[in-house]
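Student: Using this note's numbering, you'd call the opening residue of the sequence shown number 517 and step up by one each time.
Where is the CB? At the ideal position from N, CA and C, for every residue including glycine.
This is the structure I want to talk about, given as structure tokens.
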Amino acid sequence: MAFRPRNLAQFNHKGEHLMAHKPNTTISDTNQPEKTRVVSAKPLGDSQGKKPVHRSAKINTGVLDRRLRVAEASLQDDPNAGNQDFSEGIAASLGNVDKIRDILFGGQMRDYDKRFKRLEERFNQENMHFREDMFQRLKVLEERMDGEIDSLSEKAKMERQERLSTIADLEHEIKGLKNELNNRITQLDDQFSKDLKNLRQQTHNKIQELALQMRQQNDSVVGLLNQEVALLQEEKVNRADLASFFNELAMRLQRGFEGTPFEESPE
């Protein structure tokens, strides 16, 4: 931004005064305490070792105002001829303005430049420290995350091993129960086979005993029958007696004789 000194007058195209530097007419209040101006005690570098400015370098603002008025008046008289003079005057004025700015504010500008430079360096250092701090924090966080991940992985590995061990124990126990059940079933099968075999043997023996007893009883019955037959053959009765006996029996049956003791006919 171009610097414009406050003590330079401005004129319009007719040479009329537009704005001039006015002195500060504000009366300071004596009752109010004067604010203390803070002056930097830091070395200003080149400003302290600066040589005094030659008097020829100092520009009188009043002379500059008069030159500007003359240049504007000449422009009004001869616009074509005054363009070059006006340009030269403006260039000279700008050069003088730069000198005035350097004289008035050169030390402060250099001080500000140094302050800005120190602030920039401090900002860069803070930024670097911040980046290093963030890098260290991210590194610590990454290490912590790696540690947590390793811990979780180790824990998951241990739990997996425990589950595998538990499954192996269960499989071994199930296998033992299966073998025990098979052995028990085999024993029961063998015992059932033995019991069935013994039962069959006992049944067979019992059947043989019963058959033997039946044969013996049959033989005894046959023997008794033979004996009875022999006795009957020995003690035969007469046919007439037997006929009279049957006749008498038939008669009694026809009469419905009941309760009367049976009387045998005399032989």
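Evaluate I683 with the Cβ neighbour count: other Cβ atoms within 10 Å of its Cβ, from every protein chain shown; 16 or more gives buried, anything less gives exposed.
Tutor: So I683 counts as exposed.
Student: To the nearest angstrom, how far is it from the Cα of I701 to the Cα of E664?
Tutor: Their Cα atoms are separated by approximately 54 Å.
Student: Taking the straight line between their C-alpha atoms, what separation do you get for R768 and S760?
Tutor: Near 12 Å, if we compare the C-alpha coordinates of S760 and R768.
Student: Taking only the alpha-carbon atoms, compute the straight-line gap between L657 and F646 and give it to the nearest angstrom.
Tutor: So the two alpha carbons sit approximately 16 Å from each other.
Student: Whole angstroms is fine: what's the gap from L726's alpha carbon to Q743's?
Tutor: So the two alpha carbons sit approximately 25 Å from each other.
Student: Please report the straight-line C-alpha distance between S788 and E675, rounded to a whole angstrom.
Tutor: There is simply no residue 788 to check, as the chain begins at 517 and stops at 783 in what is shown.
Student: Give the straight-line distance between the Cα atoms of S669 and K633, rounded to the nearest whole angstrom.
Tutor: C-alpha separation (whole angstroms): 52 Å.
Student: From N640 to M625, what distance separates their C-alpha atoms?
Tutor: Going from the Cα of N640 to the Cα of M625 covers about 22 Å.
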